[in-house]
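Right, one structure below, let's go through it.
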Amino acid sequence: LNVATYNNFFVTLSSGSNSLANPTITADNIGQTGVIIFIQPSSGTGTISLDTHYETAGAGGSASLILSATANQYDVVPYIIKGTTSILLGVPALNFG
């Protein structure tokens, strides 16, 4: 994700395991909000694991998001940049499509 350029993102998943790398965040990006839309592939489904800058709701955060498990679905995940090494991810709104 290039948070210095965009606020909203489309991420097309591959079947199986996918990984979301840490973006470069500057002090100018703190407080930025937006959404990440994860798109399931047309055949099979993909999962997502998150690098260290991402935090999800729950006890101490999580290294993954629970996304829909149906082909061709769109899952909308809100985010806010908390700091130069921290992006808070909201609860996914599942199964658009």
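Each residue of the sequence shown is one higher than the one before, counting from 263 in my numbering.
Yeah, the Cβ is synthetic: ideal placement off N, Cα and C, and Gly gets one too.
Please read all numbers here as calculations on a predicted model, not as lab measurements.
DSSP-derived helix/strand/coil call for A289: helix
Would you check if there are 3 or more beta carbon pairs closer than 8 angstroms linking the segment 265 to 276 to the segment 297 to 312? yes
So if DSSP puts I298 in a beta bridge, which residue, or which two residues, is it bridged to? F271 and V339
Taking all protein chains shown into account, decide if T318 is buried (16 or more other Cβ within 10 angstroms of its Cβ) or exposed. buried
Let me know the secondary structure DSSP gives A333 once reduced to three states. coil
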